[in-house]
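Numbers 94 to 199, taken from our numbering, label the letters of the sequence shown in order. Cβ atoms here follow ideal geometry from the backbone N, Cα and C, with glycine treated the same way. No experiment lies behind these values; they were computed from the predicted model shown. One structure is given here, and the rest of the page talks about it.
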Amino acid sequence: KLHQESILSKEEAAQWCLVDVDTGKSIIPQGGTVYWNAYRNKYVMIYVQTWGDNSFLGEIWYAEADSLTGAWKYTRQIATHQKQDFYNPRHMHEFDENDGRIIYYA
């Protein structure tokens, strides 16, 4: 839609087309954070999905990219809340363990 309305170029819009690695479904991100992860040697995004299957804002997802600006392509669900909202998740990078092998979010 952003490309159709000439807000973003086709290439820019493609940077944010997230796809669930398990189902192939498109995922619409709402809010979250991005930080460098030394263990994965990538940028890590923790975010909430809007219009999720179990709740409007209750699905938490993980994605990673080589660049801060993407491309963010594949994503995996890491938490869900049945009929509960969980908005504005934040990767608590200051608590990462083992150079980011273990990460925390709230």
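With fewer than 16 neighbouring CB atoms inside 10 Å of its own CB, Y197 falls in the exposed class. If you look at R169, you'll find it in the beta strand (DSSP E) that goes 167 to 173. For G124, the uninterrupted beta strand (DSSP E) run begins and ends at 122 to 130, by DSSP.
When the beta-carbon positions are compared, Y155 and R169 come within less than 8 Å of each other. Measuring C-alpha to C-alpha distances from C110 to each of T162, P182, M185, H186 identifies T162 as the nearest.
Counting the other Cβ atoms within 10 Å of the Cβ of G124 gives fewer than 16, which makes it exposed. Between the beta-carbon of Y128 and that of H174 there is about 23 Å, and that puts the pair past the 8 Å contact cut.
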